[in-house]
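S.K.:
Protein chains in written order, with my numbering: chain A, 1 to 150; chain B, 1 to 83.
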């Protein structure tokens with residue numbers, strides 16, 4: 001069984017319900033989703049996401065292929081937004097479909113952890129008049145590392 | 001070859017992309033980074049500390065020891081921060 005993989009990088013918002021409907025079908029018993037939002041902490045008002053067109057889509061597709069090789073998934077959808085986003089805006093959607101919930105949950109978490117360390121996106125945050133590039137965090141590397149075969 | 005820059009590397013260098021001939025004596029990502037650093041100005045600033053940089057060759061993540069050749073697309077950028 002091979003998963004149907006959908007990857008999109010876009011400035012536009014996404015509709016979670018539309019995406020979930022597209023993942024439904026015979027043999028699908030569970031769909032897990034993760035939606036990430038722009039968090040307005042520390043006076044953050046907006047952020048701009050830059051990406052590497054071509055490589056970003058390929059890296060996400062690699063992550064989705066890895067996930068579908070590890071878990072019995074029927075579908076994977078990853079949508080990541082780029083451009084300027086404001087506090088409270090959705091940034092990323094990961095949805096995984098499977099016959100059973102364990103695979104869907106685990107694959108969804110795996111995809112987010114891998115995406116954060118592999119997909120070429122860069123965030124620049126705005127606080128008042130100031131703009132600053134977000135520094136990569138060691139905790140994200142550690143989160144991705146725990147999925148490696150021991 | 002085509003060299004691409006992203007995020008603060010792009011800002012410091014002052015451009016997002018440039019076509020160049022493979023510089024004489026450059027055979028690896030690290031050597032290309034050294035060559036760019038030696039151009040001075042914004043390049044020297046962007047390439048001041050290789051530990052803060054990551055690279056891709058032909059849109060695959062690579063280490064700085066990876067070979068480069070004349071027809072490659074090479075990109076330099078900070079560690080990624082998406083999701």
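Cβ atoms here follow ideal geometry from the backbone N, Cα and C, with glycine treated the same way. Owing to the predicted nature of the structure, the values given are computational and were not obtained by experimental measurement.
Does the beta-carbon of residue 5 (chain B) have 16 or more other beta-carbons within 10 angstroms, so that it is buried, or is it exposed?
M.R.: By the 10 Å Cβ count, residue 5 (chain B) comes out buried.
S.K.: Which value, in whole angstroms, describes the spacing of the CA atoms of residue 57 (chain A) and residue 41 (chain B)?
M.R.: Taking the straight line joining both Cα atoms gives about 33 Å.
S.K.: With contact counted as at least three CB pairs below 8 Å, one residue from each stretch, are the stretch 26 to 42 of chain A and the stretch 103 to 112 of chain A in contact?
M.R.: Enough Cβ pairs lie closer than 8 Å, so yes.
S.K.: Quick check: the Cα distance between residue 47 (chain B) and residue 16 (chain B), rounded to an integer number of angstroms?
M.R.: So the alpha carbons of these two residues sit roughly 15 Å apart.
S.K.: In terms of alpha-carbon separation, which member of B:49, B:37 and B:77 lies closest to residue 55 (chain A)?
M.R.: For residue 55 (chain A), the nearest C-alpha among the options comes from B:77.
S.K.: What residues in its chain sit with their C-beta under 8 Å from that of residue 30 (chain B), if we drop five residues either side in the sequence?
M.R.: If we look at residue 30 (chain B) and ignore the five residues flanking it on each side, its Cβ neighbours are 50, 64 and 65.
S.K.: Give the range of the alpha helix (DSSP H) segment to which residue 127 (chain A) is assigned.
M.R.: Unbroken run through residue 127 (chain A) is the beta strand (DSSP E), 121 to 127; no alpha helix (DSSP H).
S.K.: Using CA coordinates, which residue listed in B:75, B:80 and B:83 is at the minimum distance from residue 18 (chain B)?
M.R.: Residue B:75 is the option with its Cα nearest to residue 18 (chain B).
S.K.: Does the beta carbon of residue 77 (chain B) sit closer than 8 Å to a beta carbon anywhere in chain A?
M.R.: Yes, residue 77 (chain B) counts as interfacial toward chain A.
S.K.: Just checking, does the stretch 7 to 22 of chain A make contact with the stretch 71 to 88 of chain A on the three C-beta pairs under 8 Å criterion?
M.R.: As far as the Cβ criterion goes, the stretch 7 to 22 of chain A touches the stretch 71 to 88 of chain A, which means the pair count is three or higher.
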